[in-house]
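Peer 1:
Number of protein chains: 2
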Amino acid sequence: MIDTERLAWLRLARSETVGPVAFQHLLRRYGSASAALIALPALARRAGRPQPPAIYSSDEAEAEIAQGEADGARLLLACDAGFPASLKAIDPPPPVLWALGDASLLTRRTVAVVGARIASASGRRFARELALALGGEGLVIASGLARGIDAAAHEGSLASGAVAVLGGGLGDIYPPENEALYHAIADRGCIVSESQPRRRAQAKDFPRRNRLISGLSLAIVVVEAELKSGSLITARLAAEQGREVLAVPGSPLDPRARGCNDLIRQGAAVCEGADDVLRAIEPLAGFRAPPDPYFAGNHGDPAPELIERVYDLLSPTPVAIDELARQAAAPAGVVFAALVELSLAGRAELLGGGLAARA
Amino acid sequence: MIDTERLAWLRLARSETVGPVAFQHLLRRYGSASAALIALPALARRAGRPQPPAIYSSDEAEAEIAQGEADGARLLLACDAGFPASLKAIDPPPPVLWALGDASLLTRRTVAVVGARIASASGRRFARELALALGGEGLVIASGLARGIDAAAHEGSLASGAVAVLGGGLGDIYPPENEALYHAIADRGCIVSESQPRRRAQAKDFPRRNRLISGLSLAIVVVEAELKSGSLITARLAAEQGREVLAVPGSPLDPRARGCNDLIRQGAAVCEGADDVLRAIEPLAGFRAPPDPYFAGNHGDPAPELIERVYDLLSPTPVAIDELARQAAAPAGVVFAALVELSLAGRAELLGGGLAARA
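Protein chains in written order, with numbering that gives the first Met the number 0: chain A, 0 to 358; chain B, 0 to 358.
Next comes the structure, spelled out in structure tokens:
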């Protein structure tokens with residue numbers, strides 16, 4: 000890919016109202032990121048947006064790349080050969096990734112080990128020893144560089160292959176006590192982020208981060224988790240992505256075991272050690288990107304009348320795009336194109352997994 | 000039933016080589032325990048036993064009943080109205096039971112709470128509180144009067160309904176530190192045994208005891224258990240009897256959680272408290288004794304030639320009686336009669352669940 004198209008790829012991915020679902024659709028519909036960038040303002044306007052969405056400028060994109068490369072990192076586009084197949088297989092795949100360190104780790108068999116930030120000493124020990132044992136079996140360990148279980152999982156896998164996924168940009172080290180760990184992983188493992196380098200993490204970045212942790216992994220192991228904790232969200236995302244979910248059981252008298260026990264109650268596998276993980280992932284082959292069900296041939300532009308009909312059918316409750324197509328009495332491909340345009344106008348939300356909602 | 004038939008029932012149940020499977024068969028085949036007692040020596044001889052099996056004498060049976068009644072206990076025959084329907088439904092049902100205390104508890108909805116003898120303080124506390132909570136929901140709690148989890152389960156259910164099942168006879172109090180608990184259950188709950196009163200427990204009595212604990216119960220909860228412990232055997236028996244099995248999860252770093260975690264791995268439900276138990280038993284109706292598949296009409300006596308043919312087909316590995324019938328090219332009912340006679344001669348073992356083995 001020539002440099003202007005790489006630049007356009009990054010610009011399209013970072014432009015206002017362009018989420019990863021719309022990104023993938025526009026790329027296929029217009030054949031290149033450059034062409035999609037040109038079409039973007041008209042699409043948003045047609046779908047009812049008064050001002051055009053803010054396009055990430057060439058200057059901004061060039062500055063981002065210069066910054067990341069000056070920091071020693073590497074930009075990976077979803078079309079690059081080195082882009083992890085595991086992430087190409089999630090729906091939707093992230094259009095771009097920044098990687099600091101040994102990006103080849105991202106293409107190896109990976110298991111995520113995650114859990115509570117306020118973890119018990121025995122939970123931390125378990126996570127470290129599990130990461131060590133799985134590393135000894137040639138597996139890369141992914142986690143989120145948080146306090147507690149995440150940090151212990153990284154520590155245990157430093158020598159064998161550690162991948163830390165950040166909510167913010169590369170260089171946004173949080174919590175501060177993990178600074179030495181961050182640099183150790185950057186030296187010997189790999190730090191990954193979807194955001195611009197040095198960008199501070201916001202609350203909305205963590206679900207995206209969790210989606211990448213499970214997306215990189217064949218299986219996810221939750222070590223300690225209270226009910227309603229972030230680790231349970233990661234576990235749910237992993238299950239939706241078709242990845243194995245394991246949880247480490249604990250006493251009902253320990254609140255930090257509640258989330259894990261509840262996962263087991265819902266069907267997660269019991270994890271008492273590396274053997275359980277190896278058994279769970281043993282039958283799994285590699286990843287394969289699913290075909291896009293809404294791009295069987297180019298359906299042409301959706302008529303303005305169809306765009307409004309689709310909008311009227313939307314509600315804040317997510318609905319399957321196939322169901323919308325049935326109700327709109329139109330092919331799913333053209334209904335999907337209408338939804339993308341509505342999303343570019345900020346009027347619809349494309350949720351992945353073939354679901355859409357009113358924004 | 001007249002007293003001589005009750006006496007014959009007890010005598011048949013206690014006679015040498017008459018196990019509970021043979022007991023049930025003989026009763027149906029001869030119509031009464033008295034008639035079966037008369038037939039017994041000839042059946043054993045025909046199946047190849049040189050000396051007749053020792054018949055429990057009328058004097059012995061009368062002395063057993065006198066002893067038990069003097070101790071304040073009550074003999075329940077499987078044909079009595081007060082005999083628990085839960086135990087009539089297991090295969091094979093125990094022919095007789097001694098009960099000390101409030102035998103009406105045996106007919107109420109029951110949950111077994113069992114576990115390690117060498118239990119942790121938190122495990123004991125969990126068992127006591129679980130028994131208390133389930134008792135508050137009107138459930139009777141059954142356990143085995145052992146140290147640790149059993150004792151805690153009894154303590155928690157003393158006020159609401161406690162049933163202790165002994166391996167030995169009534170009055171055989173073990174361990175000695177549970178003597179006060181024994182008397183408290185005799186006063187306010189119910190103590191149950193299949194053995195003669197005051198008979199000391201032997202190792203072989205405990206599997207029978209475990210079978211009764213689960214047999215009395217809609218569900219069994221294992222609170223703490225190491226791998227290969229007796230509680231896991233009780234859990235397996237419960238599953239074979241079609242009862243719900245629940246286990247309390249624990250940390251992989253705690254050896255006393257291994258057995259429970261392994262049960263969960265094999266499909267037991269996670270138990271973190273009374274709600275989990277109530278949810279598990281909520282859909283369960285009462286018990287119903289299964290029909291005897293080998294007594295559809297009286298097949299007459301098995302020919303000596305068939306008895307030997309069936310014996311030749313047996314090995315120490317248990318085999319399904321239906322499979323034996325197929326290989327012997329004879330009706331299952333008459334093959335079953337041949338197996339009963341072989342068992343009376345001490346040459347075959349009837350294992351319940353339609354299985355038989357060479358003795």
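Every residue gets a Cβ at the ideal spot worked out from N, C-alpha and C, and that includes glycine.
Computed from a predicted structure; not experimentally measured.
Can you tell me the Cα-Cα spacing of Ala102 of chain B and Pro282 of chain A, whole angstroms?
Peer 2: Roughly 53 Å separates the two Cα atoms.
Peer 1: Closer than 9 Å, CB to CB, is Ile263 of chain B near chain A or not?
Peer 2: By this cut-off, Ile263 of chain B is an interface position.
Peer 1: Measuring alpha carbon to alpha carbon, tell me which residue in B:Ile117, B:Ala145, B:Val244 and B:Gly249 is nearest Gly266 of chain B.
Peer 2: It is B:Val244 whose Cα lies nearest to the Cα of Gly266 of chain B.
Peer 1: Just to confirm my understanding: we take Ala324 of chain B, look at its own chain, exclude 5 residues before and 5 after, and list those with CB closer than 6 Å. What are they?
Peer 2: Result list for Ala324 of chain B: Ala331 and Val334, in chain order.
Peer 1: Put Arg235 of chain A into one of helix, strand or coil per three-state DSSP.
Peer 2: Arg235 of chain A falls in the helix class under three-state DSSP.
Peer 1: Leu245 of chain B versus chain A: which residues are under 8 Å apart at the beta carbon?
Peer 2: Going along chain A, no residue has its Cβ under 8 Å from Leu245 of chain B, so there is no contact; the nearest lies around 11 Å.
Peer 1: Mind checking who Arg357 of chain A pairs with in its DSSP beta bridge?
Peer 2: Per DSSP, A:Ala347.
Peer 1: Inspect the beta-carbon positions of Ile359 of chain A and Leu169 of chain A and report whether they are closer than 9 Å.
Peer 2: For chain A, the structure presents residues 0 to 358; residue 359 of chain A sits outside this window and is missing.
Peer 1: In terms of alpha-carbon separation, which member of A:Ala80, A:Leu96, A:Arg255 and A:Leu131 lies closest to Pro19 of chain A?
Peer 2: Selected option, being the one with the closest Cα: A:Leu96.
Peer 1: When you compare only the Cα positions, how much space is there between Leu262 of chain B and Leu74 of chain A?
Peer 2: Looking at the two C-alpha atoms, the distance is approximately 47 Å.
Peer 1: Where does Arg73 of chain A fall in DSSP's three states?
Peer 2: In the structure shown, Arg73 of chain A sits in a strand (DSSP, three-state: E or B).
Peer 1: Distance check for Cys259 of chain A and Ser121 of chain B, CA to CA, integer angstroms please.
Peer 2: Cα-Cα distance, rounded: 19 Å.
Peer 1: Chain A beta carbons: is any one of them nearer than 9 Å to that of Leu165 of chain B?
Peer 2: Taking Cβ atoms only, chain A never reaches closer than 9 Å to Leu165 of chain B, which makes this a no.
Peer 1: Looking at the unbroken alpha helix (DSSP H) that takes in Leu105 of chain B, where does it start and where does it end?
Peer 2: Leu105 of chain B -> no alpha helix (DSSP H), and no H or E assigned at all.
Peer 1: Closer than 8 Å by C-beta to Glu178 of chain B: which residues in its own chain qualify, once you throw out the five before and the five after it? Chain order, please.
Peer 2: Counting only Cβ-Cβ distances below 8 Å, and skipping sequence neighbours, we find Ile172.
Peer 1: Can you tell me which of B:Ala88, B:His24 and B:Ala337 puts its alpha carbon nearest to the alpha carbon of Gly47 of chain B?
Peer 2: Ranking the options by Cα distance to Gly47 of chain B, first place goes to B:Ala337.
Peer 1: Once DSSP output is grouped into helix, strand and coil, what is the label at Leu245 of chain A?
Peer 2: Here Leu245 of chain A sits in strand by DSSP.
Peer 1: So which residues on chain B does Val269 of chain A lean against when the C-beta distance must stay under 7 Å?
Peer 2: Here the neighbours are Asn260, Ile263 and Arg264.
Peer 1: Which residue comes first and which comes last in the beta strand (DSSP E) that contains Cys189 of chain A?
Peer 2: Taken as a continuous stretch (DSSP letters only), the beta strand (DSSP E) holding Cys189 of chain A covers Cys189 to Ser192.
Peer 1: Give me the DSSP bridge partner(s) of Trp97 of chain A.
Peer 2: According to DSSP, Trp97 of chain A bridges with A:Leu74 and A:Ser192.
Peer 1: Just the Cα atoms here: how many angstroms apart are Ala161 of chain B and Leu9 of chain B?
Peer 2: Their backbone Cα atoms lie some 26 Å apart in a straight line.
Peer 1: Which chain B residues sit within Cβ distance under 7 Å of Gly249 of chain A?
Peer 2: In chain order: Pro248, Gly249 and Ser250.
Peer 1: Taking the CB atoms as reference points, tell me whether Leu42 of chain B and Leu343 of chain B lie closer together than 9 Å.
Peer 2: Yes.
Peer 1: Under DSSP, the beta strand (DSSP E) around Val309 of chain A begins and ends at which residues?
Peer 2: Unbroken run through Val309 of chain A is the alpha helix (DSSP H), Pro303 to Leu312; no beta strand (DSSP E).
Peer 1: Just mark Gly135 of chain A as buried or exposed, buried being the case when its beta carbon has 16 or more other beta carbons within 10 Å.
Peer 2: The residue in question, Gly135 of chain A, is exposed, as its Cβ has fewer than 16 Cβ neighbours within 10 Å.
Peer 1: Are any of the Cβ atoms in chain B nearer than 9 Å to that of Asp253 of chain A?
Peer 2: Yes, Asp253 of chain A counts as interfacial toward chain B.
Peer 1: So what does DSSP say about Val339 of chain B, is it helix, strand or coil?
Peer 2: Helix, per DSSP.
Peer 1: Kindly indicate which three-state DSSP category Ser142 of chain A falls into: helix, strand or coil?
Peer 2: DSSP places Ser142 of chain A in strand when its eight states are reduced to three.
Peer 1: What are the boundary residues of the alpha helix (DSSP H) that Ala35 of chain A is part of?
Peer 2: Run containing Ala35 of chain A: Ala32 to Arg45, per the alpha helix (DSSP H) assignment.
Peer 1: Got a sec? Which residues, its chain only, sit under 6 Å from Glu176 of chain B by beta carbon, not counting five neighbours each side?
Peer 2: Excluding sequence neighbours, Glu176 of chain B sits near nothing in its chain.
Peer 1: Between the Cα of Lys224 of chain B and those of B:Arg208, B:Pro51 and B:Gly249, spot the shortest distance and give me the residue it belongs to.
Peer 2: Note on identity: in this sequence residue 224 of chain B is Ala, with Lys being the wrong assignment. Of the candidates B:Arg208, B:Pro51 and B:Gly249, the one whose C-alpha sits nearest the C-alpha of Ala224 of chain B is B:Gly249.
Peer 1: In chain order, what residues of the same chain have a beta carbon less than 8 Å from the beta carbon of Ser57 of chain A, not counting five sequence neighbours either side?
Peer 2: Leu6 and Arg10.
Peer 1: Could you tell me which residues DSSP pairs with Ile219 of chain A in its beta bridges?
Peer 2: A:Ala111 and A:Val244.
Peer 1: Can you name the start and end residues of the beta strand (DSSP E) that Val164 of chain A belongs to?
Peer 2: Where Val164 of chain A is concerned, the enclosing beta strand (DSSP E) stretches over Ala161 to Val164.
Peer 1: Taking Cβ positions only, does Ala130 of chain B come closer than 9 Å to chain A?
Peer 2: Not one chain A Cβ lies under 9 Å of Ala130 of chain B.
Peer 1: Compute the beta-carbon to beta-carbon distance between Ala88 of chain A and Ala288 of chain A, rounded to the nearest angstrom, for a pair I have assumed lies under 8 Å.
Peer 2: Sure, about 5 Å apart at Cβ, within 8 Å.
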